[in-house]
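Worksheet: one structure, shown below.
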Amino acid sequence: MATVADLDLPSLNYLDPALSGTRFHDTLRELRERSWVARAEPFGFFVLDREATAFFLRTPAATFPGRTMLEIHGVTSGPLYERMTGNLLDRGGEEHRRLRRLIQPAFTPKAADAYRPAMREQLAALFTPLAGTGRCEAVADLAKPYPARMIATVMGAPLDDAPLLQEWANTIQRQFDPEALTNDLPALERAAVDFQAYARDLIAKRAGNLIGELLEAGLSEDETLDVVSSVLVGGVDTTQSQLAHGLRLFAEHPDQWALLAEEPELVPGAVEEILRFEPIAPFTARITLEEVAFRDIVFPASTLVFACAQTANRDPDEYAGAEAFDIRAERGKAKPLTFGAGPHFCLGANLARAELDEALRFLAPRMPGFALDGEPEYDTPLGLYGMKRLLVRWRASA
């Protein structure tokens, strides 16, 4: 069998700042058409079809390289490094399984559904001032504040603290962006320290909702802090980015938005299609713990592999019409890999789906004639792939 480093493979510098928007999609599609595996410059390899992506996400022979990614960029100590050590993403084996068993009841579909009335309440509070204007900047006005308000609710934090939680989450999430690690490390570390202190205070007060449930489930205060920290970073920036892309997709497909308003039973399928078509974590890193053989290719121990949900979710062998956004399409049994797979499948997937579901149900009938009101401004796909700015308009009621 050949070793992956010895193969003549196509390559892509995923740090290229121009790799965004339509160019990002086109470049990855062309790369996938050339090979299922490619070099990820400046280090590592991409796996690009659905089968390979799912394999590397699920295999116990590879794990999330949180500390490794920090070390590659020269971060070997300090608050950001310490926060990653012990983080749920950084744990493995029986310790990880034990924590997941204790935590899981707080993140079931039933648990997420219990927050739906609060979701509708927060959506109404955000949309009411906008309703008569007929236009807004959807990222700042809707996509960013909505999940931050919900995480405050879930954590038992004061709603007035939601903007602060949003700021911390947006900053700390950039720990997965190589450019931010190089240029903005002090800001990232300061946010990590400030949030840890804030969360410890909530835990000391035995705040309600999630924190109370975790403590009652048997987690220590330090374990509860690790989970709450993961929930903040994983539950704010991710959902805001996914909702922003979803609204952009519907503004580009106004016929499907109108259909959603008329037939709300299409909403669950629409959520899945948004997740499939535009995953906001296009590259999920894994590092091999031992030699791994896949399709007669050897990936040696300590090989960095980027499992590419963006191309996996559009694999033409799995999804008919994969390159088309269509909420009515029958996509079959292959679930999108947007939330990952295997032991580290996203803990907050049910909450995120519920938040997206309620947002579409609430907004679609209230924003007829929904359309772009300017050119969308994309962020880069490093770390999380979000939107910087999204101007939209609709027919405001009198």
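Residue numbering for the sequence shown is 5 to 402, as defined by this note's numbering. Where a beta carbon is used, it is the ideal one built from N, C-alpha and C, also for glycine.
| Neighbourhood of H77 by C-beta distance below 8 Å, restricted to the same chain and skipping five residues each side | P182, L185, T186
| said: Quick check on V232: does DSSP put it in helix, strand or coil? | reply: helix
| message | Using the three-state DSSP reduction, which class does Y389 fall into: helix, strand or coil? | response | coil
| Any contact of the segment 113-124 with the segment 83-103, i.e. 3+ C-beta pairs under 8 Å? | no
| said: When you compare the CB positions of F50 and L16, do they come within less than 8 Å of one another, or not? | reply: yes
| query | Under a Cβ-count criterion, where at least 16 other Cβ atoms within 10 Å of its own Cβ denotes burial, should Q108 be classed as buried or exposed? | reply | exposed
| request: Figure out for me which residue from R365, A195, R104, R124 has the closest Cα to the Cα of G222. | output: R104
| Straight-line CA distance for K3 to R280? | With the chain covering only 5 through 402, there is no way to say anything about residue 3.
| field | Contacting residues, own chain, Cβ-Cβ under 8 Å from G216 (five flanking each side not counted) | value | G160, R210
| Distance between beta carbons of E295 and A311, contact taken as under 8 Å | Not really, about 18 Å apart at Cβ, beyond 8 Å.
| Since S15 is in the beta strand (DSSP E), which residue starts that stretch and which ends it? | 15-17
| query | Curious, which full-length beta strand (DSSP E) runs of at least 3 residues does the segment 163-195 contain? | reply | none
| query | Where in the segment 111-172 do unbroken runs of the beta strand (DSSP E), each at least 3 residues long, occur, reported from the N-terminal end onward? | reply | 139-141
| query | Which residues mark the beginning and the end of the alpha helix (DSSP H) in which T288 is found? | reply | Note, T288: premise wrong, no alpha helix (DSSP H); beta strand (DSSP E) at 287-292.
| query | Using a Cβ-Cβ cut-off of 6 Å (strictly less than) and excluding sequence neighbours within five positions of T157, which residues of its own chain qualify? | reply | A122
| Taking L376 as the reference, which of L35, Q126, A248, V240 has the closest Cα? | A248
| field | Own chain, CB closer than 6 Å to A56, minus 5 neighbours either side, in chain order | value | W40
| query | In this structure, what does DSSP give as the bridge partners for L106? | reply | Its beta-bridge partners do not exist; DSSP assigns none.
| request: Go ahead and label V178 buried or exposed: buried means 16 or more other beta carbons lie within 10 angstroms of its beta carbon, across all protein chains shown. | output: What sits at residue 178 in the sequence shown is Arg, not Val. R178 should be labelled buried.
| Alpha carbon of T80 to alpha carbon of D226, nearest angstrom | 21 Å
| field | Best match in D259, V237, V271 for proximity to A358 [C-alpha to C-alpha] | value | V271
| Local Cβ density within 10 Å of F47, reported as buried at 16 or more and exposed below that | exposed
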